[in-house]
Amino acid sequence: MRVYFASDFHLKFTRKKKDAEQYNKIISFLDSIIGNADLLILNGDIFDLWFVWKTVIIKGYFPILKKMADLREKGCRIVFIAGNHDFWFRDFLTDFLDVEVYPDNFSEIIDGMKIFVSHGDLFTTNDFRYKIFRSLIRNNFFKKIFELFHPNFSLVFGKLLSRSSRDRKSHPELEIKKEKGLVEFAKKKLKDYDLVVLGHSHAPKLIKFENGFYANAGDWVAHQSYLKMIDGKLELCEYSLTKKERKKKKY
Ligand SMILES: [Mn+2]
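So the sequence shown is numbered by the numbering used here: it starts at 7 and just counts up by one.
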């Protein structure tokens, strides 16, 4: 089976020029796996901010949603695991795009490998404040309030929340601590699994431990990294555009 893992695209809903290049690379990457992938696992923080109202979706995400639809049409199964920036799902991804959505983690046996995939924001450090913040913003009551306001207003507010979530990881010391937390968690999990894939740290990694592998698919902010598992064989890759693609229309 051909499995692709990617996380932390951090796609913005606004169309600024500086984001266009990143968007272009992501779309081109997804294009490149159409017809070559049996399963795509999107492991959180794909959207920098995700929200679906009862009747409204965010138009800035149309190109990637279209690409997901193309992948589905060509028979690629898509698994989407919530991150700390995208967790308010409602029905859109599942009912309109036929994507499987998991709020916390995903596990399955693929090509004889017992795999566990999670974004990882819960496993970084013993951050009690973050755990409270996380359960608060994932709460249905909070979601209902957010929904009451006009999208233009809610999204500005959401942007502030999303920024506060991102700023938490901007100190280098915290970054090291965070990565350490993920590795520690993965090591424990490897007692029961052959492969543990996390995201969140934005640091691409593939490490072989005694019991199995820990991998982090990295991000598409500082890298263009993804993890590939073809017939059970793992490879950490970096995507780059061809010259022709660079000239192509920007999204
Ligand atoms: Mn994250």
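Glycine residues also receive a C-beta, built at the ideal position from the N, C-alpha and C atoms.
Keep in mind the model is a prediction, meaning the values are calculated, not measured.
Outcome for residue i when other beta-carbon atoms lying within 10 angstroms are tallied against a minimum of 16
i: I213; result: exposed
i: K22; result: exposed
i: A88; result: buried
i: L99; result: buried
i: S168; result: buried
i: A228; result: exposed
i: S231; result: buried
i: I52; result: buried
i: K60; result: exposed
i: L166; result: exposed
Sub-8 Å separation of residue i and residue j beta-carbons
i: F122; j: K211; result: no
i: L128; j: H91; result: no
i: F86; j: V58; result: no
i: L77; j: I70; result: no
i: Y67; j: I39; result: no
i: Y199; j: K120; result: yes
i: D110; j: S124; result: yes
i: G126; j: L36; result: no
i: T130; j: H206; result: yes
i: S13; j: L247; result: no
i: F19; j: I47; result: no
i: W226; j: K24; result: no
i: A192; j: L204; result: yes
i: S160; j: F152; result: yes
Same chain, Cβ closer than 7 Å to residue i, neighbours up to 5 away in sequence not counted
i: G118; result: G238
i: A209; result: E185, N222, G224
i: D133; result: none
i: E259; result: Shown here, the chain extends from 7 to 257; a query on residue 259 therefore has no answer.
i: K149; result: W94
i: A75; result: L103
i: V62; result: P157
Same chain, Cβ closer than 8 Å to residue i, neighbours up to 5 away in sequence not counted
i: D44; result: M7, R8, V9, G81, C82, R83
i: K197; result: N217
Own chain residues within Cβ distance below 6 Å of residue i, not counting five before or after
i: G41; result: K80
i: C243; result: Y232, K234
i: L201; result: M119, I121, G218, F219
i: Y136; result: none
Below 7 Å from a heavy atom of ligand 1 - residues by beta-carbon: D14, G50, D51, G89, N90, H91, H125, D127, G205, H206
At least 3 beta-carbon pairs within less than 8 Å: the stretch 145-161 vs the stretch 228-236: no
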